[in-house]
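Undergrad: These protein sequence lines map, in sequence, to chains A, B and C.
Per the working numbering, the very first residue in the first sequence carries number 4; after that it's consecutive.
Per the working numbering, the very first residue in the second sequence carries number 88; after that it's consecutive.
Per the working numbering, the very first residue in the third sequence carries number 5; after that it's consecutive.
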Amino acid sequence: MIEVKDLVKKYGDTTAVDHLSFAVEPGRITGFLGPNGAGKSTTMRLILGLDRPTSGNALIDGKPYRDLRDPLRYVGALLEARAVHGGRSAFNHLLYLAQTQGVPKKRVSEVLDLVGLSAVAGKRTKGFSLGMGQRLGIAAALLGDPEILILDEPVNGLDPEGVLWIRQLLKALASDGRTIFVSSHLMNEMAVTADHLIVIGRGKLQADMPVGQFIAQFSDTAVLVRTPHADSFRAAVGERGWSVANTNDAGALIVTGSTAPQIGELAAERGLVLHELTPQKASLEEAYMELTRESGEFAHRSAPVLGGSDGRA
Amino acid sequence: MAARDSVLTPTTMQAAGTGHAHFGRLLLAEWTKIRSVRSTYWSLIALIIAFLFFSWLFPYLTVSNWKQATPTQQANLIEDPIGSIMSSGLFVGQLAVAILGVMVTASEYSTGMIRSTLLASPHRVRMLAAKSIVFALLILVIGEVIAFAGFFIGRQTFKSLLTVNLSSGDVRQVFGVGLYLGMLGLFSLVLGSLIRHVAGAITGIVALLLVISNLIQLIPGRVGKYLYTYEPTNAGFAIIGKRLPDNFLISSWEGYGVFAAWTALLWALAAYLLVRRDA
Amino acid sequence: MIQATALTKRYGPRLAVDQADFTVAPGKVTGFLGPNGAGKSTTMRMILGLDRPSSGSVTINGVPYHRLAAPLREVGALLDAKAVHGGRTAYNHLLVLAKANGLPRGRVDAVIDLVGLHSVAKKRSGGFSLGMGQRLGIAAALLGDPGILMFDEPVNGLDPEGILWIRNLMKALAAEGRTVFVSSHLMSEMALTADHLVVIGLGKILADEPMADFIAKNSVSYVRVRSPQMADLGPKLASRGWRIEPQPDASVHVFDAQPAQIGDVAGTAGLWLHELTLVQSSLEEAFMRLTAGSVEYHAGQTGDAGLAGGQRVPDGTAMPGWGTPVPQEIQNSQVKERTQ
Numbered sequence: 004m005i006e007v008k009d010l011v012k013k014y015g016d017t018t019a020v021d022h023l024s025f026a027v028e029p030g031r032i033t034g035f036l037g038p039n040g041a042g043k044s045t046t047m048r049l050i051l052g053l054d055r056p057t058s059g060n061a062l063i064d065g066k067p068y069r070d071l072r073d074p075l076r077y078v079g080a081l082l083e084a085r086a087v088h089g090g091r092s093a094f095n096h097l098l099y100l101a102q103t104q105g106v107p108k109k110r111v112s113e114v115l116d117l118v119g120l121s122a123v124a125g126k127r128t129k130g131f132s133l134g135m136g137q138r139l140g141i142a143a144a145l146l147g148d149p150e151i152l153i154l155d156e157p158v159n160g161l162d163p164e165g166v167l168w169i170r171q172l173l174k175a176l177a178s179d180g181r182t183i184f185v186s187s188h189l190m191n192e193m194a195v196t197a198d199h200l201i202v203i204g205r206g207k208l209q210a211d212m213p214v215g216q217f218i219a220q221f222s223d224t225a226v227l228v229r230t231p232h233a234d235s236f237r238a239a240v241g242e243r244g245w246s247v248a249n250t251n252d253a254g255a256l257i258v259t260g261s262t263a264p265q266i267g268e269l270a271a272e273r274g275l276v277l278h279e280l281t282p283q284k285a286s287l288e289e290a291y292m293e294l295t296r297e298s299g300e301f302a303h304r305s306a307p308v309l310g311g312s313d314g315r316a
Numbered sequence: 088m089a090a091r092d093s094v095l096t097p098t099t100m101q102a103a104g105t106g107h108a109h110f111g112r113l114l115l116a117e118w119t120k121i122r123s124v125r126s127t128y129w130s131l132i133a134l135i136i137a138f139l140f141f142s143w144l145f146p147y148l149t150v151s152n153w154k155q156a157t158p159t160q161q162a163n164l165i166e167d168p169i170g171s172i173m174s175s176g177l178f179v180g181q182l183a184v185a186i187l188g189v190m191v192t193a194s195e196y197s198t199g200m201i202r203s204t205l206l207a208s209p210h211r212v213r214m215l216a217a218k219s220i221v222f223a224l225l226i227l228v229i230g231e232v233i234a235f236a237g238f239f240i241g242r243q244t245f246k247s248l249l250t251v252n253l254s255s256g257d258v259r260q261v262f263g264v265g266l267y268l269g270m271l272g273l274f275s276l277v278l279g280s281l282i283r284h285v286a287g288a289i290t291g292i293v294a295l296l297l298v299i300s301n302l303i304q305l306i307p308g309r310v311g312k313y314l315y316t317y318e319p320t321n322a323g324f325a326i327i328g329k330r331l332p333d334n335f336l337i338s339s340w341e342g343y344g345v346f347a348a349w350t351a352l353l354w355a356l357a358a359y360l361l362v363r364r365d366a
Numbered sequence: 005m006i007q008a009t010a011l012t013k014r015y016g017p018r019l020a021v022d023q024a025d026f027t028v029a030p031g032k033v034t035g036f037l038g039p040n041g042a043g044k045s046t047t048m049r050m051i052l053g054l055d056r057p058s059s060g061s062v063t064i065n066g067v068p069y070h071r072l073a074a075p076l077r078e079v080g081a082l083l084d085a086k087a088v089h090g091g092r093t094a095y096n097h098l099l100v101l102a103k104a105n106g107l108p109r110g111r112v113d114a115v116i117d118l119v120g121l122h123s124v125a126k127k128r129s130g131g132f133s134l135g136m137g138q139r140l141g142i143a144a145a146l147l148g149d150p151g152i153l154m155f156d157e158p159v160n161g162l163d164p165e166g167i168l169w170i171r172n173l174m175k176a177l178a179a180e181g182r183t184v185f186v187s188s189h190l191m192s193e194m195a196l197t198a199d200h201l202v203v204i205g206l207g208k209i210l211a212d213e214p215m216a217d218f219i220a221k222n223s224v225s226y227v228r229v230r231s232p233q234m235a236d237l238g239p240k241l242a243s244r245g246w247r248i249e250p251q252p253d254a255s256v257h258v259f260d261a262q263p264a265q266i267g268d269v270a271g272t273a274g275l276w277l278h279e280l281t282l283v284q285s286s287l288e289e290a291f292m293r294l295t296a297g298s299v300e301y302h303a304g305q306t307g308d309a310g311l312a313g314g315q316r317v318p319d320g321t322a323m324p325g326w327g328t329p330v331p332q333e334i335q336n337s338q339v340k341e342r343t344q
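1) Is the CB-CB distance between L146 of chain A and L100 of chain A below 7 angstroms?
2) Under the DSSP definition of a beta bridge, which residues are partnered with M212 of chain A?
3) Going by alpha carbons, who is nearest to K129 of chain A out of A:V111, A:R76, A:A86?
4) Using three-state DSSP, classify N249 of chain A as helix, strand or coil.
5) Between the C-alpha atoms of L4 of chain C and Y69 of chain C, what's the straight-line distance to the nearest angstrom?
6) For V87 of chain A, go through chain B and note every residue whose CB falls closer than 8 angstroms to its CB, in chain order.
7) Figure out for me which residue from C:L140, C:Q233, C:V224 has the closest Cα to the Cα of E288 of chain C.
8) From the DSSP secondary-structure annotation, give me the bridge partner or partners of M256 of chain C.
9) Is it a yes or a no for the region 334 to 347 of chain B touching the region 5 to 13 of chain C, going by three-plus beta-carbon pairs under 8 angstroms?
10) So is P39 of chain C buried or exposed if we call it buried at 16+ other beta carbons inside 10 Å?
11) Taking DSSP's pairing of strands, which residues face Y313 of chain B in a bridge?
12) Can you tell me whether DSSP reads N95 of chain A as helix, strand or coil?
13) By the DSSP assignment, the alpha helix (DSSP H) with D113 of chain C in it spans what residues?
14) By Cβ distance below 7 angstroms, which residues in the same chain neighbour L275 of chain C in space, the five residues on each side in sequence not counted?
15) Short of 7 angstroms Cβ to Cβ, which residues in the region 102 to 130 of chain A face chain B?
16) Beta-carbon separation of K155 of chain A and E83 of chain A under 7 angstroms?
17) So, does the CB of L114 of chain B fall closer than 7 angstroms to a CB anywhere in chain A?
18) Kindly indicate which three-state DSSP category G59 of chain A falls into: helix, strand or coil?
19) Look at the alpha carbon of A26 of chain A and the alpha carbon of T182 of chain A, and state the distance between them as a whole number of angstroms.
20) Report the option in C:G135, C:A220, C:I64 whose CA atom is closest to the CA atom of M154 of chain C.
21) L51 of chain A to T204 of chain B, Cα distance in whole Å?
22) Report yes or no: is there a C-beta of chain A within less than 7 angstroms of the C-beta of R213 of chain B?
23) Are the CB atoms of L227 of chain A and I266 of chain A nearer to each other than 7 angstroms?
24) Which residues, taken in chain order from the region 64 to 90 of chain A, show a beta carbon closer than 7 angstroms to some beta carbon of chain B?
25) Taking L168 of chain C as the reference, give the member of C:P250, C:K127, C:R18, C:V119 with the closest Cα.
26) Can you confirm whether the region 268 to 279 of chain A touches the region 260 to 271 of chain C when touching is taken to mean that 3 or more C-beta pairs between the two stretches lie within less than 8 angstroms?
27) Enumerate, from N- to C-terminal direction, the unbroken beta strand (DSSP E) stretches of 3 or more residues contained entirely within the region 272 to 296 of chain C.
28) Among all the DSSP beta bridges, which residues are the ones paired with D205 of chain C?
29) Using 7 angstroms as the limit for Cβ to Cβ distance, is T119 of chain B near chain A?
30) Could you please tell me which residues of the region 146 to 164 of chain A, in chain order, have their CB closer than 7 angstroms to any CB of chain B?
31) Mind listing the chain B neighbours of L51 of chain A? Cutoff is C-beta to C-beta under 7 angstroms, in chain order.
32) Pairs of beta-carbons, one from the region 132 to 141 of chain B and one from the region 222 to 235 of chain B, closer than 8 angstroms: are there three or more?
33) In the region 272 to 285 of chain A, which residues sit with their C-beta less than 8 angstroms from some C-beta in chain C, listed in chain order?
34) Give a yes or no on contact between the region 187 to 204 of chain A and the region 214 to 223 of chain C, applying the rule of three or more CB pairs nearer than 8 angstroms.
35) What are the residues in the region 24 to 55 of chain A lying within 9 angstroms of chain C by C-beta distance?
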């Protein structure tokens, strides 16, 4: 369990983290979202005791990080910034970390195996690709078999198998009752990974809720319908006061203002055959963009150019 | 629990027990860190080669040019042969120790390694203490070994000219090499921790050793003598001298004490800043 | 149009790219997928004339890259966002490129506006974040108004708005009739961006086909049906010979049938439907299925990344190590609704 209470961090005149409070609960994957410069990395660094808060505090199981004994056995962390000495081998990097925590040497080989770096364990990390560096960081995070994992952009530089692997790993760890806190810019990745979301913008909390609720709250619901009786269907739907729109896909209609069961029952009553009846889930990305638009807290950069689509699927 | 057993295989973890982070672990870990980068080996090899080579070269040149030497030079040498052997080796060798000392701390910042280090040891002062002890002891031990090796090389080279004896009063001069290098290593390490930038810290320590320590002599009067005497590396270097320069105001051991006091002061400052500053 | 014919690149005994044939056509976004070390970067470097093919050829509008008279006007590429002199301002970086290719100064202002770097154009790029560097790289790629664009991992370092922005940019560029070739490791991102896929594994082209065909070929699909009258509807569907799997959430998965066929059965019988959805695998699942199916690829992946260890399953672990096939239960959780 991670608790952030009224946390503030100022760098000179800039307030990077602004009276932020939230809790990251065990047993689920909590996604940490926000645009560049929103304060995500700073918040993570404050939780990990790397930076000192200007005021407020961040607690791990009720204690500041700096008061933890053998902290890597409580908390495994992967930071976005590089945190290895390029002249040292992957094995020795992990060995040093293990020794500080009284973790046996055998465990080092084990985590190297787990992330698939055994073959290059003795190589200096200077020559590692982004993906290999990321695997080493993940190995370091898992070294102490921690109850809490804090990962900043974990899939950065990973290949498709790596992306899938880390997602499976996090899900397995969360279902095991561990606390998983993951930041990412990849909404589509978060949508299939996170159970709960914490969204910040300009250092302030914007949302703290389950993913499903987040999507529902910040998007419209719609139902996609295909029917051979399009005209009668339109008329029937119109009578109910629901709205119908065409789509790019000929024959498919989008109904808003109603639910799939209501539409299905209406069609059956009128004897209209349905060829498809699919509730449309808005994507996490759409919901996120809607939130950032509504809150007006986020610095908007150039809108899509070249007269292209508007980004809504 | 299946995931737990498989993903993180805690069998090995249980074997470790749940002991607290005791200081011995930090010492072991810092030792691993120091021995696992090549810059350590290169610096130490440079130290050993430079020290031993100059321990031979100076006596050799002295012996072969004895006739050309002035009576004062000859008198100085006869009075303090050990000091001249040791100081010629040290003059170059100390640079390797200074640079390595700076690298031990400053390179953690330039590579980003400091984040891993502090995540593992959030009690930052203990981490700095462990690092200081391991590095200073390493340099002390190597320093003593090369000091005695250099002494015997120098003595052999001088043999045709004069007999160099290691009387009880002169042992300090030989042991002083390791003491000086160990303290210099620690001083540099602390400087690296304060400056947090490899190039900047190396420039600082090299300037202090080669430029400032000498230029300071040019300041006239009592003030100049004080500054010269209490400049940390000059003060420390006195440990290997027999007859100290006229403008050096205190004894050899007092000088070493001044160097130690400087180092302790900066260490305390580094520890304070390490805790205060964001990593 | 980019065309590779029997393209081969050998590094010593190792074949990085092995007799690759593919075409990247204009007017659509073509995704270039493959694991680390599969030969993606080598292929892109050969297209741009940075590496020489050992045999075979790759041409741009029929001509090898090194014979193009004004390459930046024909091909724009984003390979490594940080291939910029950090001491130069963004504006001057682009100006140097423009001058070298005989492009007017006005193009520089145009692309700076386009990528939204206007406010930092006069700042030295050394202080740029990864995302800003990426935008500068994209600006450089667009400078010559080229008909062909190549992007290697373009969303790296971008924040959600940046990701959405570049996705729309690529779609818009393709809609203008340009050729857009983009590599990525992010299947979820590719699924939303690409119209066509070229998949490479162990240097061989494993697939070169439209996204929809790729997913259809490498996935299982079924129809999810919800109805308050399932007791009546179920037997009617089963009697058609369709396989039916009831689910814990009271829905039913129907295999071997199209939604329209099921809708007709329900409609004819006057039964209520609460949902009738065709569910297809995600691109990620399809990709994993394809690459996992290639046994040789799994055993032999010792590519650039040197991550052969990743293919090992640690002894006695139920959780697979990196690179092992996807367990069924995870695959199922990844199956997403087909959205329009």
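C-beta atoms are modelled at their ideal positions from N, C-alpha and C, and glycine is treated no differently.
TA: Reading off the structure:
1) Position 143 of the first sequence, counted from the first residue, corresponds to residue 146 of chain A. Position 97 of the first sequence, counted from the first residue, corresponds to residue 100 of chain A. Yes, they are a contact pair.
2) Numbered from 1 along the first sequence, position 209 holds the residue referred to as residue 212 of chain A. Paired residues: A:L200.
3) Numbered from 1 along the first sequence, position 126 holds the residue referred to as residue 129 of chain A. For the residues A:V111, A:R76, A:A86, the minimum Cα distance to K129 of chain A belongs to A:A86.
4) One-based indexing of the first sequence puts residue 249 of chain A at position 246. If DSSP states are grouped into helix, strand and coil, N249 of chain A belongs with the strands.
5) The question about residue 4 of chain C has no answer here: the residues shown for chain C are numbered 5 through 344.
6) Taking the first sequence and counting its residues from 1, the one referred to as residue 87 of chain A is at position 84. Per Cβ cutoff of 8 angstroms: T198, G199, M200, S203.
7) Numbered from 1 along the third sequence, position 284 holds the residue referred to as residue 288 of chain C. Here the closest residue by C-alpha is C:V224.
8) Position 252 of the third sequence, counted from the first residue, corresponds to residue 256 of chain C. For the record, residue 256 of chain C in the displayed sequence is Val; it is not Met. The partner list for V256 of chain C (beta bridge, DSSP) reads C:V229, C:P250.
9) no
10) If you number the third sequence from 1, residue 39 of chain C lands on position 35. Answer is buried; the Cβ neighbour count reaches 16.
11) Within the second sequence, the letter at position 226 stands for residue 313 of chain B. Bridge partners of Y313 of chain B: none, in fact.
12) Looking up residue 95 of chain A in the first sequence gives position 92. The answer is helix: DSSP assigns N95 of chain A an H, G or I state.
13) In the third sequence, residue 113 of chain C corresponds to position 109, counting from 1. Run containing D113 of chain C: 109 to 119, per the alpha helix (DSSP H) assignment.
14) Position 271 of the third sequence holds residue 275 of chain C. Within the same chain, L275 of chain C has close Cβ partners S231, Q233, D236, L237.
15) Q102, T103, Q104, G105, V106, P107, K109, R110, E113
16) Here residue 155 of chain A refers to the residue found at position 152 of the first sequence. Here residue 83 of chain A refers to the residue found at position 80 of the first sequence. First, the amino acid is wrong: residue 155 of chain A is Asp here, not Lys. Cβ atoms of D155 of chain A and E83 of chain A: closer than 7 angstroms.
17) What you label residue 114 of chain B is simply residue 27 of the second sequence in a count that begins at 1. It does not: the Cβ of L114 of chain B has no partner Cβ on chain A nearer than 7 angstroms.
18) Residue mapping note: residue 59 of chain A aligns to position 56 of the first sequence, counting from 1. Note: G59 of chain A maps to strand in three-state DSSP.
19) The residue you call residue 26 of chain A lines up with position 23 of the first sequence. The residue you call residue 182 of chain A lines up with position 179 of the first sequence. Spanning the two alpha carbons is a distance of roughly 11 angstroms.
20) In the third sequence, residue 154 of chain C corresponds to position 150, counting from 1. The option with the nearest alpha carbon to M154 of chain C is C:I64.
21) Position 48 of the first sequence, counted from the start, is the residue given in the question as residue 51 of chain A. Position 117 of the second sequence, counted from the start, is the residue given in the question as residue 204 of chain B. So the alpha carbons of these two residues sit roughly 12 angstroms apart.
22) The residue given as residue 213 of chain B occupies position 126 in the second sequence. No, no contact with chain A.
23) In the first sequence, counting from the first residue as 1, residue 227 of chain A sits at position 224. In the first sequence, counting from the first residue as 1, residue 266 of chain A sits at position 263. No, they are not a contact pair.
24) Y68, R69, L71, R72, D73, P74, L75, A80, L82, A84, R85, A86, V87, H88, G89, G90
25) As a working note, residue 168 of chain C is residue 164 in the third sequence. Checked all of C:P250, C:K127, C:R18, C:V119; the closest Cα to L168 of chain C is C:V119.
26) yes
27) 279 to 284
28) For this step, residue 205 of chain C is matched to residue 201 along the third sequence. The sequence given here places Gly at residue 205 of chain C; Asp does not occur at that position. C:K208.
29) To locate residue 119 of chain B, count along the second sequence from 1; it is residue 32. Yes, its Cβ sits closer than 7 angstroms to a Cβ of chain A.
30) D148
31) For this step, residue 51 of chain A is matched to residue 48 along the first sequence. Per Cβ cutoff of 7 angstroms: L206.
32) yes
33) G274, L275, V276, L277, H278, E279, L280, T281, P282, Q283, K284
34) no
35) L36, G37, P38, N39, G40, A41
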